[in-house]
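Report on the structure given below.
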């Protein structure tokens with residue numbers, strides 16, 4: 023497992039490395055691509071081998087998920103997170119955002135409010151708006167370099183009868199918080215009290231750095247679980263986002279049946295022969311690869327931390343507790359959001375996701391995808407330093 027190896031992705035229509043994408047969003051087709059949240063590492067060897075084996079068979083007819091698939095999934099979550107998933111609670115969806123969109127429709131009405139803890143993944147806002155719902159912000163608080171939930175504000179927002187849903191990001195994208203048992207218990211207490219349905223996006227659940235520990239929301243209590251749905255996917259964990267596969271875990275029978283009926287009506291629960299084979303192989307044999315990856319990512323974080331401490335350019339790292347994303351604080355440079363975006367993309371030649379994409383609370387920040395060889399992180403830091411040293 024050589025995570026230092028650079029692999030040319032330009033031969034395929036890869037969104038992250040697309041020159042057209044970089045030109046459109048960052049004004050520089052040559053900018054180092056560190057915005058899209060996929061990694062520049064090959065998937066686990068077992069995944070590649072299984073895909074090659076499946077392709078060699080040459081027949082790709084209709085398939086179903088075999089018993090062995092569910093055994094591998096259940097074993098993965100039980101072994102790594104102590105989460106005993108009941109397979110009867112699983113509903114297949116093409117993607118997590120697909121599942122979230124359906125759940126929003128089923129648990130709210132047009133004009134109802136959906137609570138977001140901003141700054142947060144921008145596609146949540148997009149799907150809320152396209153569903154005809156209102157975005158209700160419960161902004162996170164940045165205290166002492168660490169983001170915290172504002173429970174008093176959450177309770178006030180949850181108490182409004184037309185606010186029907188909270189979208190929880192656990193672990194949180196982009197700020198890197200891994201929510202604790204106590205924090206999630208407080209969320210559950212508030213949402214159960216006010217009958218606010220919780221949709222928990224846990225796609226980054228496998229990325230938690232010690233001593234932090236990912237706590238699946240559905241394990242908080244049976245009461246909390248009956249008022250929630252958790253969305254899981256192997257996409258981030260094994261760097262197979264392009265294979266699109268996800269599950270909604272829904273303990274509540276009525277809620278689960280609603281999604282199940284929708285999936286059958288619109289035929290979104292079909293099995294892709296390559297995806298199914300790859301995911302089973304990943305769950306069954308990907309643990310050693312992931313452990314090595316987590317260690318490597320911590321090395322990238324250490325590099326960023328040390329670099330910013332040694333080079334006084336008024337940029338700081340919000341210490342990530344999980345994910346493969348670094349949330350960088352550029353507010354000390356006193357640049358407006360658009361100027362910061364331009365300086366990063368065109369002067370520093372680094373494509374980072376502007377913080378305002380995640381809500382106005384993210385203005386002055388930027389998200390760096392660090393799931394890449396260390397030399398790419400180093401080059402980005404050097405370029406940022408060269409570009410902004412006059413601003414310090």
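Residue numbers (the numbering used here): 23 to 414. Even for Gly, the Cβ is constructed at its ideal location relative to N, Cα and C.
Where the beta strand (DSSP E) containing residue i begins and where it ends
i	result
residue 380	Neither: residue 380 is in no beta strand (DSSP E) and is coded neither H nor E.
residue 340	338 to 340
residue 189	185 to 191
residue 109	From DSSP, residue 109 is part of no beta strand (DSSP E); its letter is neither H nor E.
residue 222	219 to 223
residue 365	Element bounds for residue 365: n/a, residue is neither H nor E.
residue 391	387 to 391
residue 266	Residue 266 -> no beta strand (DSSP E), and no H or E assigned at all.
residue 39	Premise fails: residue 39 is in no beta strand (DSSP E) and is neither H nor E.
residue 157	156 to 159
Cβ neighbour criterion (16 or more within 10 Å) applied to residue i
i	result
residue 288	exposed
residue 106	exposed
residue 29	exposed
residue 264	exposed
residue 267	buried
residue 414	With a pLDDT of 49 at residue 414, under the threshold of 50, the predicted position of this residue should be treated as unreliable, though the coordinate-derived value follows. With fewer than 16 Cβ atoms within 10 Å of its Cβ, residue 414 is classed as exposed.
residue 55	buried
residue 199	buried
residue 383	buried
residue 179	buried
residue 108	exposed
residue 83	exposed
residue 356	exposed
residue 34	exposed
residue 140	buried
residue 397	exposed
residue 86	exposed
Beta-carbon spacing of residue i, residue j below 9 Å
i	j	result
residue 122	residue 281	no
residue 258	residue 59	yes
residue 130	residue 147	no
residue 117	residue 255	yes
residue 112	residue 138	no
residue 219	residue 186	yes
residue 339	residue 347	no
residue 352	residue 321	no
residue 407	residue 63	no
residue 375	residue 388	yes
residue 103	residue 318	no
residue 386	residue 159	no
residue 270	residue 115	yes
residue 134	residue 184	yes
residue 66	residue 260	yes
residue 247	residue 213	no
residue 165	residue 192	no
residue 194	residue 345	yes
Terminal residues of the alpha helix (DSSP H) in which residue i lies
i	result
residue 69	67 to 79
residue 213	203 to 215
residue 313	309 to 332
residue 134	Counting along the chain, residue 134 falls outside any alpha helix (DSSP H), and DSSP gives it neither H nor E.
residue 404	396 to 410
residue 275	275 to 287
residue 103	89 to 103
residue 12	Outside the displayed range of the chain (23 to 414) lies residue 12, so it cannot be described from this structure.
residue 82	It is not in any alpha helix (DSSP H) - residue 82 carries neither H nor E in the DSSP assignment.
Opposing strand residues paired with residue i [DSSP bridges]
i	result
residue 54	372
residue 169	164
residue 250	220
residue 350	339 and 388
residue 230	344
Distance cut-off 8 Å: residue i Cβ against heavy atoms of the ligand SAH
i	result
residue 218	In the structure shown, the ligand SAH is absent, as is every other ligand, since no ligand is present at all.
Per the contact definition of three or more C-beta pairs closer than 8 Å, is the region 45 to 52 in contact with the region 285 to 305? no
Counting pairs of Cβ atoms below 8 Å between the region 168 to 183 and the region 309 to 317, do you hit three or more? no
Can you confirm whether the region 195 to 214 touches the region 223 to 243 when touching is taken to mean that 3 or more C-beta pairs between the two stretches lie within less than 8 Å? yes
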